[in-house]
Amino acid sequence: MSATTLNTEQLMRELDTLKPDFFPLQAHALQEVDLHTKEMYATVLAAVLLVDGKVSATEHRLFGMLLTSLGLEGIQARLFEQACALDSAQLHEFLRVIKDAEAESCFVLDALVLCRVEGQLTHLQTQLLSELLEFLQLPEHELAALIFWVSKILRLPIEIDVPQAGQEQLLITKNRTEDIETYNVGKILISKGDYVAKGQELVTVKNRPTHWVHGVRISVAGKEDDSPKIKSLQNGIIYNISIKQNEEIRIGQVIATIIPFSSATNAWLEFI
Amino acid sequence: MSNTTDLSPEEMSARYALLCRATQANLCNPQAQNIEEKLDAIQNLLQHDLRALARRGSPDNFADIYHAFEQELTRLREFCAFPSLAQKVTIGFGGAFSAGKSSLINGILGQRLLATEVDPTTSLPTFLLKGDQDQVLALNLHRHRISLSHEEFLSLTHDEMGKYGSSVASLLRAAFRTQINFPWENIALIDTPGYSKPNSDTYSDRTDEQVARAQLNSAQAIVWVISADAGTISEDDIQFLSSLRPEIPRIVVISRADKKPADDIDSIIALIRRTMAERNLPALAVIPFSNRNKPEFPVSPILAQLEAWNTAPKEIQIAQNFKRQFTHYARFIEEQQRIAQLHINRLNRILVLADTSEIQNDAEELKQSAKASYTGLSQLADELYQLRQQFFSLLKDVGASVGIDFPEPAEIDMIDLQQIDLLKVLREIREKEGGSEPDYQGYWRALEGEIPEARLAQLMRRTAYRHLAQLGRLSDVDHAFDVQTDDLLTCATSLQQRISTQTTTPE
């Protein structure tokens, strides 16, 4: 009886170890870039994890999974050693390669998820992340959007206001061939925080024009009912809805804003 | 000095018999023969395959790496000859020649188990441990186990050549002295040879730093012995201690403390403490001891420390030490690969920016060369990896034969993670560029909520839902979304079957 229990426990441990290999994260946005860039990227991530002098088992595991999604599996120990030897010249090299690869947002997102996964950010972590942000010169709206995504990934309450520059507006623009200026909102099919995929219906309207618009399209009648529908042309998350049912909406009016997905979220997409 | 002509025919005959045992090459025991073959296979791997690999690319300190491999292999042979050592916490007694190591051990054990000549005596590392009987065993020239009588063992001093005309000590690899009444169940003491320099009169190829270093590095704790005559810890001692694994706890014992006034001993203790602390070699304790003046310099503080170590968990470092050497070598290759990657990255930039075909051609040529170099290094890395796999597979086999577990340690468990001062470097860069103190507190506050356990489990791949849904045609996966690891128990068997047959990673 005890032997059976022991085997099961061992099996459970082995299964637990195997799972990240069998169920990896999705491919990282930097998976296809050159090895040098990826290693510099991962080395500085390792350095961020090391700022408190210890790396927890949870952090190790998630970092290992992230490395696999980058195509850098099996070199975790070396990266930590390299991280311990980082100097000013290597940081400048990191900045150069990360700018070349346009991976600043990716880096900040990954670093925040890794640092936050074990618990609250420590004083040293916030200091280091602040200095890194100064170093990377990330615009405010991009940082706010990244905090938004980190909150989504870790399922934290959304406590950040994303500036307009970080949002994408869904608005109706004037059609070239028709002169209709106003519509009436039918059903609003979305709520704040909903994930919207490209082509997804957002709102039905009571008129029947066929308009191509910027950001959204007013399509011909759907199959279920005859009312035209507004569909998203982007993937993202509804951040704000600025129309109400039966409200009259006009050309040029913003009906909603979304936080569009960026490639920085690629590896974490399943958690959003 | 004695002369061999003084020996009786019986003594001559006994010495001859001892010499025969010390050089006996054949084994009668099939199991020992089998272990020996595996150990030889490991040695062969190092002597031929590793060296062949090194000829195609190796770090400047490959000789050191190779030497460390050999030293560790020697220790492995010791463990194989005396597997009970694997169950012990080993305490290494180290120090300069004539520091009083053997006298200290005899004092601790309350009996004369070791030869204690004034001059450098044997270069034989000697293990003392509890056993079923009082006996002395040794590894002979061919690393086979032989028995020694108490008298034979004590005769293995510097005086042996003069008295017997032989040097059996130089033929033996290590001695193991077991005692029924050895006070500690879980510890083994190692009396290591003192170290000296090659140009000293007392140097021999075996009584050198390397033997002592290998033995002490394999110990779980160190008792470092300094003679009170020295007045402080010498620079040579400091250099030697610095070369040992820093995580090994150590105490310092000042031997022959009766030779100095009590006030002087206090000053010596303070000086040794301060010097060691300044050199980042802190000692758990500095204890004066004398065999002659026991009331004033008793053995009890040393016994108390040994008692504490007696309860420490045992830890065999052999597999770790082998892995460290492989890792050193691998790091060299990886560094070369990193440089080649950097070159390729730079040359790619040049290729993009170059506006004449001539420069482009030059850059392309260099890029191909860097790529070839990278490919060669990758091949070398692969072969080293294969060799390492083979090595640890053999090591595991050897371990299984003698009942010692030698799993290949994970690299990540062996690295010494240091707190990195990246923050300082970044601040310096910012201040140099005239930047002000950044303030992102508002952003960090936005991340202060609690991560739900279910989400954490999903991130860590510790939920059943996703896996069962992908792997199984199990009917009850829908409600298993937030199932934690513990709840996987019931699904474990079917999951294992599926995992074992799964060949591709699911989307």
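Protein chains in written order, with numbering that gives the first Met the number 0: chain P, 0 to 271; chain X, 0 to 506.
Using N, Cα and C, we set each Cβ at its ideal position, and we do this for glycine too.
Cα-Cα separation between residue i and residue j, rounded to whole angstroms
i                     : j                     : result
residue 117 (chain X) : residue 225 (chain X) : Residue confidence is low: residue 117 (chain X) scores 41 on pLDDT, short of 50, so the model does not pin down where it sits. Its coordinate-derived value is still stated next. Each residue's alpha carbon lies about 14 Å from the other.
residue 19 (chain P)  : residue 184 (chain P) : 47 Å
residue 238 (chain X) : residue 258 (chain X) : 26 Å
residue 326 (chain X) : residue 78 (chain X)  : 23 Å
residue 251 (chain X) : residue 286 (chain X) : 6 Å
residue 55 (chain P)  : residue 180 (chain X) : 44 Å
residue 436 (chain X) : residue 455 (chain X) : 33 Å
residue 164 (chain P) : residue 140 (chain P) : 6 Å
residue 253 (chain X) : residue 405 (chain X) : 37 Å
residue 294 (chain X) : residue 282 (chain X) : 24 Å
residue 143 (chain X) : residue 393 (chain X) : 20 Å
residue 48 (chain P)  : residue 220 (chain X) : 31 Å
residue 127 (chain X) : residue 209 (chain X) : 21 Å
residue 229 (chain P) : residue 149 (chain P) : 29 Å
residue 426 (chain X) : residue 130 (chain P) : 7 Å
residue 71 (chain P)  : residue 184 (chain X) : 47 Å
residue 350 (chain X) : residue 239 (chain P) : 46 Å
residue 145 (chain X) : residue 39 (chain X)  : 19 Å
residue 233 (chain X) : residue 175 (chain X) : 30 Å
residue 167 (chain P) : residue 233 (chain P) : 9 Å
residue 512 (chain X) : residue 240 (chain X) : This structure leaves residue 512 (chain X) out entirely; chain X is present only between 0 and 506.
residue 157 (chain P) : residue 444 (chain X) : 11 Å
residue 346 (chain X) : residue 448 (chain X) : 46 Å
residue 270 (chain P) : residue 59 (chain P)  : 19 Å
Interface flag, residue i vs chain X, CB-CB below 8 Å
i                     : result
residue 224 (chain P) : Low local confidence applies: a pLDDT of 48 at residue 224 (chain P) is under 50, so the model's placement there is unreliable, with the coordinate-based value given in what follows. Answer no: the Cβ-Cβ gap between residue 224 (chain P) and chain X never drops below 8 Å.
residue 76 (chain P)  : yes
residue 116 (chain P) : yes
residue 151 (chain P) : no
residue 46 (chain P)  : yes
residue 243 (chain P) : no
residue 66 (chain P)  : no
residue 258 (chain P) : no
residue 262 (chain P) : no
residue 31 (chain P)  : no
residue 35 (chain P)  : yes
residue 159 (chain P) : yes
residue 27 (chain P)  : no
8 Å contact criterion, which residue i and residue j should meet: CB distance rounded
i                     : j                     : result
residue 51 (chain X)  : residue 324 (chain X) : So it is not a contact: roughly 16 Å between Cβ atoms.
residue 89 (chain X)  : residue 217 (chain X) : 7 Å
residue 386 (chain X) : residue 131 (chain X) : Not quite, the Cβ-Cβ distance comes to about 40 Å (not below 8 Å), so this is no contact.
residue 214 (chain X) : residue 191 (chain X) : 5 Å
Residue i at chain P interface by Cβ criterion, 8 Å
i                     : result
residue 451 (chain X) : yes
residue 479 (chain X) : Here the model assigns residue 479 (chain X) a pLDDT of 37, short of 50, so the residue's position is not dependable and the matter cannot be decided.
residue 442 (chain X) : yes
residue 421 (chain X) : yes
residue 275 (chain X) : no
residue 160 (chain X) : no
residue 58 (chain X)  : no
residue 139 (chain X) : no
residue 64 (chain X)  : no
residue 459 (chain X) : yes
residue 343 (chain X) : yes
residue 437 (chain X) : yes
residue 214 (chain X) : no
In DSSP terms, what residue i is bridged to
i                     : result
residue 287 (chain X) : X:253
residue 259 (chain P) : P:235
residue 174 (chain X) : X:125, X:137
residue 152 (chain P) : DSSP, once it has assigned bridges, lists no residue as partnering residue 152 (chain P).
residue 222 (chain X) : X:92, X:250
residue 168 (chain P) : P:256
residue 190 (chain X) : X:92, X:125
residue 183 (chain P) : P:247
residue 194 (chain P) : P:236
residue 144 (chain X) : X:138
Residue i CB to nearest heavy atom of the ligand NAD below 7 Å
i                    : result
residue 35 (chain X) : Here there are no bound small molecules, and the ligand NAD is not part of this structure.
Quiz item: Pairing CB atoms from the region 14-32 of chain X with CB atoms from the region 68-76 of chain X, are three or more of them under 8 Å?
Solution: no
Practice problem: May I ask you to verify whether the region 164-172 of chain X touches the region 84-98 of chain X, counting CB pairs closer than 8 Å and requiring at least 3? | Solution: no
Quiz item: With contact counted as at least three CB pairs below 8 Å, one residue from each stretch, are the region 96-103 of chain P and the region 63-73 of chain P in contact?
Solution: no
Exercise. Pair every Cβ in the region 194-204 of chain P with every Cβ in the region 117-132 of chain P, then say whether three or more of these pairs are closer than 8 Å.
Key: no
Quiz item: Contact between the region 32-46 of chain P and the region 82-99 of chain P: three or more CB pairs below 8 Å?
Solution: yes
Practice problem: Evaluate the contact criterion for the region 8-19 of chain X versus the region 150-166 of chain X: three or more CB pairs, one atom per stretch, below 8 Å. | Solution: A contact exists between the region 8-19 of chain X and the region 150-166 of chain X.
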